[in-house]
Amino acid sequence: MLTEKPYMGWKFTGWRGACKGKRARCVIDASHARRDIFGDHSVHVRATFIPVAPGLTRSNPIPLGTSATIADGLVVRVNSANANVQLGTPPPAGAEYFDANLTVTNPSARAKPTWWYGFTVEGDATKIPYGSDTGNECSDPGPQPPLDTSGPFRPGESRTGYVCWTITTSDANSLELFWGLGTQDVIRTTWFALH
Numbered sequence: 000m001l002t003e004k005p006y007m008g009w010k011f012t013g014w015r016g017a018c019k020g021k022r023a024r025c026v027i028d029a030s031h032a033r034r035d036i037f038g039d040h041s042v043h044v045r046a047t048f049i050p051v052a053p054g055l056t057r058s059n060p061i062p063l064g065t066s067a068t069i070a071d072g073l074v075v076r077v078n079s080a081n082a083n084v085q086l087g088t089p090p091p092a093g094a095e096y097f098d099a100n101l102t103v104t105n106p107s108a109r110a111k112p113t114w115w116y117g118f119t120v121e122g123d124a125t126k127i128p129y130g131s132d133t134g135n136e137c138s139d140p141g142p143q144p145p146l147d148t149s150g151p152f153r154p155g156e157s158r159t160g161y162v163c164w165t166i167t168t169s170d171a172n173s174l175e176l177f178w179g180l181g182t183q184d185v186i187r188t189t190w191f192a193l194h
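Taking numbering that gives the first Met the number 0, I'd label the letters of the sequence shown as residues 0 to 194.
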């Protein structure tokens, strides 16, 4: 069995030859392998990879402090990120508060609609997306000032504030942020580093 493992900054797009398709794993059926003139089996397998720009995968996020355009044309920058944030109400056992200070700007000449999706974070330990439409899942009040995620965004408007999540402590060191669409099957559109 072969498994694709692209290097950071590259994305697997498919198998060719004895393995075909886009599945991450490929099992070779030796009974269908070709025989050469000596009677030995030979199998030809190639995988195709493409370079991935920063932000398109969790393993290659937008660096902390760098601005990037997200799906709807807004520009986002993660200014800072903090683990184990202390708030008035302690988090549940085995959990902690994690916040990020963000700046969101609308550089276009048109107003952007009310936000119905938000910023979500995900770590290696649990692989559970943390977040919701509100994007502020800490005790009330959370870190101040909160990022205003109501809309619409006026042309040229810029907003800066905190977004906070309650996460499992084991995820804190590997947490990355993504801008996602939808609520059930989230589409991860742009990744931002939190470390």
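C-beta atoms are modelled at their ideal positions from N, C-alpha and C, and glycine is treated no differently.
Short of 6 Å from the beta carbon of VAL26, and not among the five residues preceding or following it, lie these beta carbons of its own chain, in chain order: MET0.
Per DSSP, reduced to three states, the secondary structure at SER149 is coil, with no helix or strand assignment. Boundaries of the beta strand (DSSP E) around PHE48: 44–50. For PRO62, same chain residues with a beta-carbon under 8 Å away, outside a window of 5 residues either side, are PRO53, ALA192 in chain order.
Residue environment for GLY155: exposed (fewer than 16 other C-beta atoms within 10 angstroms of its C-beta).
A buried status is given to ILE166, since no fewer than 16 other beta-carbon atoms sit within 10 Å of its beta-carbon. Judged by beta-carbon spacing, THR88 lies beyond the 8 Å limit of SER157, meaning their Cβ atoms are not closer than that value.
Note: GLY179 is bridge-paired with ARG187 in the DSSP secondary-structure output. Of ALA17, ALA82, ALA67, LYS19, the smallest CA-CA separation from THR188 is found for ALA67.
The residue from ARG57, ILE49, LYS111 with its alpha-carbon nearest to that of THR12 is ILE49.
Here THR168 carries a helix assignment [DSSP, helix/strand/coil].
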